[in-house]
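A short write-up of the structure that comes next.
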Amino acid sequence: MEHGSYQDQSQATFSLTDEDHTLANSLRFTLNQDPRVTFCGYSIPHPSDARVNIRVQTTGDPASEVLKDSCQDLMLICQHVRSTFDQAVVEFKNKNSLDAINIGP
Amino acid sequence: MEEQKTPKISVWDLPDVPKGKLPPHLEIQRTRVLCTSDAPTHTENIRYSGAYASMGVDNSLQLEHFHDNFRLEVIRLNEDDMEFDMIGIDAALANALRRILIAELPTMAIEKVLIANNTSVIQDEVLAHRLGLIPLKVDPRMFEYMSENDVPNEKNTIVFKLHSRCERGSSRIKVLSNELQWLPRGSELALSTEKPAVDPTSRPRTYTSFNCSQDSLPEFSNNPIGPKHADIIIAKLGPGQEIELEAHAVKGMGKTHAKWSPVATAWYRMLPEVVLLQEVEGEKAEELVKKCPVKVFDIEDIGKGRKRATVARPRSCTLCRECIRGDDWDKYVTLRRVKDHFICK
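As given, the protein sequences belong to chains A and B, one line each in that order. The first sequence stops at residue 105 when you use this note's numbering, and every number in between is there. The second sequence stops at residue 450 when you use this note's numbering, and every number in between is there.
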């Protein structure tokens, strides 16, 4: 759900249901890094409802576009983390099995 | 009198102002948390893209920059626990990862318990609660979630049976978790609404409707499903007491109930960095080494019988601040934490 005005597309508040700090803080982090953003923040109106309000103000670009772009960036970051993790685990296992072979008779 | 005209140079061209990078003290503020004796300072992460615009430094996120700088090193990996380091990532993402590990990874746990007979001293609901918390050794990716309207079938339920009695005249027995037997063909308890079957060859309807035995699936035929640890005490029975029950396990997430959380716990901390501001020699060095309870400092001989203290194991520093307690030690040691290096366990 988006609260904004039809005339001024560059600022809006997005209300997401069934979310909590896990997504909202990471989105806020990627939004802040975008140079088109002048202000961004999130709040949780009540801790018992799983609802998050994200406020985005930009330098002219429509806020929904900027939000979508940062979601995309977040997905790319996570994919990179995942592949680096898999690689690191494989390397660790190889290194350890090599050590085991070296120590053996 | 002639005025001496000094040529006007802009501030940016002065020799000691670094261009394109932050001066060292600001760089420390941006990337390290200073832990003084009162409280940690500079804990916020300055992530706004225009934060350092007046210095000509671009603080915005560049994906390539992240791709180049991000490193992940696994320190320890066992079947049950793991320790790894993430370098170059922000606290928001590390925390999101931790929250997801605890709450949003699916596992299987016992949800419904059908009790046929319970004459022990443990109440029904306490027994059911204990059964729910037992960790099961099964891959949750092979199962689907079950909602309210679904019929329990072999794709979303695992059925266990527990039947234990203590004979009269013998001493107390403990009911351990290895007595939970897996029933790959589904429930054996008949539904109470069934009238006695007219046709003796048809199977009575039970609480679950398994179309095929779970044993026939290739993953399960050689690895039977059971609890992860066989020595968990479920209940204790005195002579003459009996427990007979059937337990159904379903897939769920830690968000709904902690029994579905796959980890015992997951935590992270930032890498500690201990910096000696001045040379610490001789007796002071011995004193410093003795002060630290986890032996972060070490003595190094620099010839002529003089000793010097060095930082040997900064990673094991627990930030007890013992080394900066007392007068004057502040000038010798500072404690800092690196903001983008997380040690995760």
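Where a beta carbon is used, it is the ideal one built from N, C-alpha and C, also for glycine.
Taking the beta carbon of S26 of chain A as reference, the chain B residues within 8 Å of it are A197, L198, A201, listed in sequence order. Bounds of the alpha helix (DSSP H) holding F171 of chain B are 168-174. For T22 of chain A, the chain B residues whose C-beta falls within less than 7 Å of its own C-beta are A201, R204, I205, listed in chain order. In this structure, W365 of chain B keeps its C-beta atom at 8 Å or more from the C-beta atom of A201 of chain B. Residues of the region 72-86 of chain A with a Cβ closer than 9 Å to any Cβ of chain B, in chain order: D73, L74, L76, I77, C78, H80, V81, T84, F85. Under the three-pair Cβ rule at 8 Å, the region 46-59 of chain A does not count as touching the region 171-187 of chain B.
For the pair K356 of chain B and A208 of chain B, the CB atoms are not nearer than the 8 Å cut-off. Looking only at B:G343, B:L198, B:F265, the smallest Cα-Cα distance to P329 of chain B is reached by B:F265.
Under the DSSP assignment, R51 of chain A falls in the beta strand (DSSP E) whose first and last residues are 51-58. Boundaries cannot be given for L238 of chain B, as no alpha helix (DSSP H) includes it and DSSP labels it neither H nor E.
The distance from the Cβ of A335 of chain B to that of S269 of chain B is about 14 Å, inconsistent with a contact at the 8 Å cut-off. L342 of chain B carries a strand assignment under DSSP once its states are collapsed to helix, strand and coil. The three-state secondary structure of D195 of chain B, taken from DSSP, is coil. If you draw a straight line from the Cα of K260 of chain B to the Cα of I337 of chain B, it is about 27 Å long. Counting the other Cβ atoms within 10 Å of the Cβ of G60 of chain A gives fewer than 16, which makes it exposed.
W287 of chain B sits in a strand when the DSSP states are folded into three classes. Under the three-state reduction of DSSP, N223 of chain B is assigned to strand.
With respect to chain B, the C-beta atom of A88 of chain A has a partner C-beta closer than 8 Å.
I263 of chain B carries a strand assignment under DSSP once its states are collapsed to helix, strand and coil. In this structure N32 of chain A is buried. Its beta-carbon is surrounded by 16 or more other beta-carbon atoms within 10 angstroms. The beta carbon of F14 of chain A sits no closer than 8 Å to any beta carbon of chain B. In this structure, the alpha-carbon of I263 of chain B lies about 32 Å from that of T17 of chain A. Listed along chain A are A88, V89, F92, each with a C-beta nearer than 7 Å to that of V179 of chain B.
Put simply, of B:R374, B:E378, B:L376, B:I348 the residue whose alpha carbon is nearest the alpha carbon of T224 of chain B is B:I348.
Within the same chain, Cβ atoms closer than 6 Å to the Cβ of T212 of chain B are found at P245, W365, P367, the five residues on either side in sequence being excluded.
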